[in-house]
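S.K.: Under the UniProt record's numbering, the residue at position 21 of the sequence shown is numbered 21, and the numbers go up by one with no gaps. Glycine included, each C-beta is placed from N, C-alpha and C at the ideal position. Note that this is a predicted model, so its numbers are computed, not measured. Can you keep this structure in mind? I'll have questions shortly.
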Amino acid sequence: MGLKVIYPGLEDHLDHHLLKSISNKEYGFGGMLCLDMETEARANKLMDLLQNQTQFGLMAVSLGYYETLMSCSGSSTSSELNHEERALAGISPGLVRMSIGYSGTPGQRWGQFEKALLSLQDLGLLSKN
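Pasting the structure below:
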């Protein structure tokens, strides 16, 4: 869908092979992932749609909970870093971190997520592929 996804379960992730070699094969790569929405405004709009339109998850600073949680790192947990430090750490202004919770099925979660992305496309904030 044209999004930059950062997830260690993807083979192109820098630490994919390391995590694969040390992780429990039965548990996969976990439920933490990031999307780079490029700008804080786009990140916040996505999270707003995911929380308020589709009930995908909740905006939060801490990502430890059984429900799906998400945050825009540049303006929350990493806001104490200056622009250069965030860039060096790979934290773009629109980086959305997500901790996918236990509630709902993968199909339900994907449907909620896709609905929010389609809304972003309709608003002209995401290109249509």
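I'd like the list of long-range same chain contacts for residue 29, defined as Cβ closer than 6 Å, with 5 residues on each side in sequence excluded.
M.R.: The residues are 8 and 9.
S.K.: So is residue 98 buried or exposed if we call it buried at 16+ other beta carbons inside 10 Å?
M.R.: Residue 98 comes out buried.
S.K.: Does the beta carbon of residue 58 fall short of 7 Å from some heavy atom of the ligand GDP?
M.R.: With respect to the ligand GDP, the structure shown offers nothing to examine, as it has no ligands at all.
S.K.: Looking at the structure shown, is residue 63 part of a helix, part of a strand, or coil, going by DSSP?
M.R.: If DSSP states are grouped into helix, strand and coil, residue 63 belongs with coil.
S.K.: If you draw a straight line from the alpha carbon of residue 141 to that of residue 23, how long is it in whole angstroms?
M.R.: The requested residue 141 does not occur in the structure, where the chain is confined to residues 1 to 129.
S.K.: So, at 7 Å on beta carbons, what are the nonlocal neighbours of residue 75 in its own chain, with the 5 sequence-adjacent residues on each side left out?
M.R.: 40, listed in sequence order.
S.K.: Can you look up residue 21 in the DSSP assignment and give me helix, strand or coil?
M.R.: DSSP places residue 21 in helix when its eight states are reduced to three.
S.K.: According to DSSP, simplified to helix, strand and coil, what is residue 47?
M.R.: Here residue 47 sits in helix by DSSP.
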